[in-house]
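A short worksheet on the structure shown next.
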Amino acid sequence: MSAKPSTRRQLVRRAGWIAGVAGVLGTIGSWASALVPRVLYEPSSKRRLGQPSKFPEGATYLAEHKIFVIRDGAHLRALSAVCTHLGCTVGRADEGFHCPCHGSLFDAGGGNVAGPAPTPLPWHRLDVAGDGQVVVDVSRTVPDTQFLVIADEERPS
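The sequence shown runs 8 to 164 under the numbering used here.
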């Protein structure tokens, strides 16, 4: 029994050291958290789709962007492939589009025809970038009557 019993003074001193170390670590932690930005990084809403000549007549599905690029002669339009019911990806059907999740049907213009989808598929704005590529802005919806006119030399042969 060579160990000395602790005194109350030693106990208070140890508790003080532990509290001091905890306070310093807490301060360092709060300073470190202030250095990390609290920002939600989201991808750009503007996406390059390629040259206009890439799109043949009719609807071309672009899976990476979840849109259909629809070409009608010199006109290009972008229709969302995301169902307005629960966000499933729609596919082509006989005369329009079909949602495989809950059976919503949309006509060729994106209008909801049957099923639980509450609204039509939205159309997105298309522009041409400085390098001639078609750019879609998925954050901006446009009326179904708005389209991008393509010059003759940009049409596929």
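For each residue, glycine too, the CB sits at the ideal point set by N, CA and C.
Count the other CB atoms, across all protein chains shown, that sit within 10 Å of the CB of residue i; report buried if there are 16 or more and exposed otherwise.
i	result
Gly117	buried
Leu56	buried
Short of 7 Å in beta carbon distance, which residues of its chain neighbour residue i, apart from the five on each side in sequence? Order them along the chain.
i	result
Asp151	Gly116, Gly117, Trp130
Leu86	Ile74, Phe75, Ile77, Gly117, Leu128, Trp130
Ile96	Here the sequence assigns Thr to residue 96, which means Ile is not the residue at that position. The residues are Lys73, Ala88, Val89.
Near residue i, which residues of its chain fall below 6 Å by C-beta distance, leaving aside the five closest residues on each side in sequence?
i	result
Leu155	Leu83, Leu133
If you draw a straight line from the alpha carbon of residue i to that of residue j, how long is it in whole angstroms?
i	j	result
Cys90	Thr126	9 Å
Glu102	Tyr68	15 Å
Phe75	Lys61	13 Å
Gly30	Ser37	11 Å
Met8	Arg15	Any reading at Met8 must be qualified, since the residue scores a pLDDT of 48, below 50, and its modelled position is unreliable; the value itself is stated next. Cα to Cα, Met8 sits roughly 19 Å from Arg15.
Pro107	Gly98	8 Å
So, helix, strand or coil for residue i, using DSSP?
i	result
Ser60	helix
Ile35	helix
Gly27	helix
Leu128	coil
Ala158	coil
Return the chain-ordered list of same chain residues with a C-beta closer than 8 Å to the C-beta of residue i, the five sequence neighbours on each side being excluded.
i	result
Thr92	Inspection of the sequence shows that residue 92 is occupied by His rather than by Thr. The answer, listed in chain order, is Cys106, Cys108, His109, Ser111, Gly122, Pro123, Ala124, Pro125.
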